[in-house]
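Colleague: Before I ask anything, here is the structure I am working with.
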Amino acid sequence: MNAYSNLARPLLFRLPPETAHRLTLASLRFPLVPRILSAGTPAPEDPVELMGLKFRNRLGIAAGVDKNAEATLAWHELGFGFAELGTVTLHAQPGNPKPRVFRFPAQKALINRLGFPNLGAEAIATRLRALRERHALNNFPIGINLGKSKITPLPEASVDYLGSLKILHSVGDFFVINISSPNTPGLRDLAKPDDLRRLLSNLQEYNRSQSNPKPVLLKISPDLEFSALPEIIQATREFNLSGIVATNTTLHRSKEDPTESGGLSGRPLTDRALAITRAIRPLLAQGQVLIGVGGIMDATDYQARRDAGADLAQVYTGMVYLGPRTAWKILRPS
Ligand SMILES: Cc1cc2nc3c(=O)[nH]c(=O)nc-3n(C[C@H](O)[C@H](O)[C@H](O)COP(=O)(O)O)c2cc1C
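Mapping of the sequence shown onto the working numbering: residues 81 to 414, in sequence order.
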């Protein structure tokens, strides 16, 4: 019997999605809970070194699952190879009015229009500093996804990202610049070449001035035209970014898709995110890393993403449907 799909999921799915998520995170903060859920099963092993970081396997938690670094150790305990925390913004902010997350089990999808609710860079840095003092977290890199605060006008976006990077630089193993969430007005405009170059230049200038520069990646939207990809990747090469995270949620809807407004994720995103991954791989410089995310719902999707050129992969919606044993289900299907 699959305890999650038969027991826990039906109960959790009776709650509003955000409530279920909050309860899940709150319970995962108790070390015993993830330990019981993993039942002593060793994490799937597929060690790899990328961007100068050691990963015990190639599957991580996508941004948005743990925006405030509440349950960082739990992701390690639940068999994942890395975690991308955030999105974190310079200023703490409440996000958009509720309800703002919607489940569509028939389509194995979610729609969200959260708008980056989070405690802000300072609070999250404090939390991660305390965690790192107590735990070594070997071979389990922690990425931090950075976004723009809602109150910061778009022309000042790079000041906002830079402020967060400075505050969080010492506590993240790598950073992801998020210019692709659909729920912050104007954010996706930062993918325009001139704006993107200004942003990447500012961030890398600071990063490279530090004694220990960190890998910086760019997270892109699945709604970009294929024709826009070469120039974006070229900008990441120019500023020595370590790679790309592809993709965020989509605003696109086909006839069968749910119509609620916001970013769509899960099964309806699989094909588009896979196609973007495949298109990006040959554009990257040697050594640039590609993290594939978007509609990875099972082991077959994971393998397809790897075959398309992704070095690492991430899940969000897949975990909502697969439960706490997601890492084993995707990496060690029996
Ligand atoms: C409820 C929810 C919140 C999310 N929040 C963020 C976020 O804060 N930052 C971000 O870069 N992506 C965020 N994402 C996007 C995911 O990281 C991922 O790119 C996207 O959902 C596609 O993967 P999936 O199909 O496995 O969910 C969020 C997704 C969901 C469903």
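In this text, a Cβ means the ideal position worked out from N, Cα and C, and glycines have one as well.
With C-beta atoms as the reference, is Leu309 less than 7 Å away from Ala353?
Modeller: It is not a contact, given that the beta carbons lie outside the stated cut-off.
Colleague: Roughly how many whole angstroms lie between the Cα atoms of Glu73 and Val181?
Modeller: Residue 73 lies beyond the range of the chain shown here (81 to 414); nothing can be said about it.
Colleague: By the three-class DSSP mapping on this structure, what secondary structure does Phe220 have?
Modeller: Looking at Phe220 - three-state DSSP - the assignment turns out to be coil, as it is neither helix nor strand.
Colleague: Which class does Ile54 belong to by DSSP, given the choice of helix, strand or coil?
Modeller: For residue 54 there is no data in the structure shown, the boundaries of the chain being 81 and 414.
Colleague: For His332, count the other beta carbons within 10 Å of its own beta carbon; 16 or more makes it buried, fewer makes it exposed. Which is it?
Modeller: Result: exposed.
Colleague: What residues match up with Asp345 in a beta bridge as DSSP calls it?
Modeller: Correcting the residue identity first, residue 345 is Ser in this sequence and not Asp. Bridge partners of Ser345: Leu190.
Colleague: Considering only the beta carbon of each residue, do Glu190 and Gly403 sit closer than 7 Å?
Modeller: Checking the sequence, you will find Leu at residue 190 rather than Glu. Cβ atoms of Leu190 and Gly403: not closer than 7 Å.
Colleague: Would Leu245 pass as a contact of Leu283 if the rule is Cβ separation under 7 Å?
Modeller: Contact: yes.
Colleague: In this structure, does DSSP put Arg183 in helix, strand or coil?
Modeller: Strand.
Colleague: In this structure, does DSSP put Phe306 in helix, strand or coil?
Modeller: Of the three classes helix, strand and coil, the one that applies to Phe306 here is helix, per DSSP.
Colleague: What residues in its chain sit with their C-beta under 6 Å from that of Ala201, if we drop five residues either side in the sequence?
Modeller: Closer than 6 Å at the Cβ level, and outside the excluded window around Ala201, lie Val168, Leu170, Ser244, Ile247, Leu248.
Colleague: For Asp146, which of Leu112, Met399, Lys409 has the nearest alpha-carbon?
Modeller: Among Leu112, Met399, Lys409, the Cα nearest to that of Asp146 is on Met399.
Colleague: Hey, Asp142 and Gln394: beta-carbon distance below 7 Å or not?
Modeller: Note that residue 142 is Ala in the sequence shown, not Asp. In this structure, Gln394 lies closer than 7 Å to Ala142 by Cβ.
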